[in-house]
Structure formats: structure tokens, C-alpha cells
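Asker: I have a structure here, written as C-alpha cells, and I will follow up with some questions on it.
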Amino acid sequence: MVQELESRSDRIRELETEVTHLRHAVTAHALIDQAIGVLVAVGRITPEEAWDALRETSMCTNTKLRQVAELVVDWAQNEHLPADIRDELAPRLQSRAAE
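Here it is as C-alpha cells:
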């Protein structure tokens, strides 16, 4: 009986952890979608091109994708984008818009 309760308690903790991770994933996904929307509007590019620009900027600056997305969304609101992100993102938007 005690072992069964401990097993259930362990399972509840595992599920709570999984729920927490899923909530973070949903939030990150929504933020990335918003950033894609910003880049589509500003750069006049397709959502696929915006996704590529975000992903490549993330890799080249060694910045988590979620953080790049957050910075892009903030940029749309307050017109400030850190120089390293701006320097990587701007040419990607220009080259894709020219294609």
C-alpha cells in the first residue's frame, strides 16, 4: 500500500513537470509565431522565409530562438533591437525580400 502511494506520488510529480514543460513550449511557440508575423509585415516576406531568418539569426548569434523571437516582438513595440541581432537579421530580410 505504501509503495503504491509512493509510485502514484512519483507519477503525479512527473506529470506536473510535463505540464510545466508543455506550458513553456506553448508560450514559446506563440512568441515565435508573433515574431514571424512581425518579420512578414516588416520584411514583406513569406512566413517560411521569416522562420528561416529567425532560425539563422538564432544560430549565428548563438542566441536561443525564443529569445530572438522575444527581441523581435519587443522591437515591433519599442523600435529597439540589439545590434548583434539587428546586424544578423537585416541582411537576411533584405536578401529574401529582393528574391
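At position 79 of the sequence shown (counting the first as 1) the number is 1333 in our numbering, and the numbers step up by one without a gap.
Backbone N, C-alpha and C fix where the C-beta goes; we use that ideal spot for every residue, glycine too.
1) Given this structure, state the Cα-to-Cα distance separating V1294 from P1336, to the nearest angstrom.
2) Taking just the CA atoms, how far does L1285 sit from R1262?
3) Measure the C-alpha to C-alpha separation of L1308 and V1280 and round it to an integer number of angstroms.
4) I'd like to confirm something about L1269: is its beta-carbon nearer than 6 Å to some heavy atom of the ligand ADP, or not?
Answerer: The relevant details are as follows:
1) 19 Å
2) 35 Å
3) 18 Å
4) This structure simply doesn't include the ligand ADP, nor any ligand for that matter.
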